[in-house]
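If you read the sequence shown in our numbering, its first letter stands for residue 3, the second for the next number, and so on. Here a beta-carbon is modelled for each residue, glycine too, at the ideal position from N, C-alpha and C. The model shown is predicted, which means the values in this text are computed figures rather than measured ones. Structure, as structure tokens:
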Amino acid sequence: MNQQNDICLNTAEWIKDAAYQIGMRIRWNNAIWQAKWWIKGTEPGYPEPGSGELPWEKIKNCDADLCYTAATWIKEAAYQIGSQVKWNKAVWEAKWWSKGIEPGYPEPDSGEFPWRKIKDC
3 MNQQNDICLN TAEWIKDAAY QIGMRIRWNN AIWQAKWWIK GTEPGYPEPG
53 SGELPWEKIK NCDADLCYTA ATWIKEAAYQ IGSQVKWNKA VWEAKWWSKG
103 IEPGYPEPDS GEFPWRKIKD C
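Below is the structure:
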């Protein structure tokens, strides 16, 4: 994996309600952004209300690779057939409706695996 992919994989997603200090980096819309000053609530790529200035600087584009575009698996979530998630350094696809079964592990009753690994990350 190249350094760009590592940065894209390991940078936290932007959160609207979070406050960011100057120099902090986030991932948003398949890119890495860096805060130019303290900022809260302004989406990367959009001007700050009032000033019209852009508080985020785009520093890297991230390829549309499933390793960093797929959502992270959440135990409490229900997944439909075809849903793709990121878990344990891999991308997985649901073979059928599933909830609470960790990718890579079988269902306790049937022993069937509801997730198919589609890519190592």
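Exposed unless 16 or more other CB atoms sit within 10 angstroms - verdict on residue i
i, result
"residue 29", "buried"
"residue 107", "exposed"
"residue 81", "buried"
"residue 59", "exposed"
"residue 61", "exposed"
"residue 51", "exposed"
"residue 34", "buried"
"residue 57", "buried"
Contacts around residue i, its chain only, beta-carbon distance under 7 angstroms, and the 5 residues preceding and following it disregarded
i, result
"residue 32", "63, 64, 66, 71"
"residue 114", "108"
"residue 9", "34, 62"
Cutoff 8 angstroms; reference residue i; Cβ partners in own chain excluding five residues on either side
i, result
"residue 112", "none"
Nearest-angstrom Cα separation, counted from residue j out to residue i
i, j, result
"residue 40", "residue 26", "9 angstroms"
"residue 69", "residue 14", "14 angstroms"
"residue 75", "residue 110", "18 angstroms"
"residue 46", "residue 55", "11 angstroms"
"residue 36", "residue 95", "32 angstroms"
"residue 5", "residue 83", "For residue 5, the predicted structure reports a pLDDT of 49, less than 50, and the residue's modelled location is therefore unreliable. A value from the coordinates is still provided. Distance between the alpha carbons of residue 5 and residue 83 is about 33 angstroms."
"residue 92", "residue 118", "10 angstroms"
"residue 24", "residue 116", "43 angstroms"
"residue 121", "residue 85", "14 angstroms"
"residue 2", "residue 87", "This structure leaves residue 2 out entirely; the chain is present only between 3 and 123."
"residue 123", "residue 48", "31 angstroms"
Residue i in three-state terms, based on DSSP
i, result
"residue 28", "strand"
"residue 9", "helix"
"residue 16", "coil"
Residues near residue i in its chain [Cβ-Cβ closer than 6 angstroms; skip 5 each side]
i, result
"residue 101", "80"
"residue 89", "75, 105"
"residue 22", "37, 41"
(request) Scan the segment 37-123 and note each continuous beta strand (DSSP E) run of 3 residues or more that stays entirely inside, going in chain order. (result) 58-63, 86-89, 92-96, 117-122
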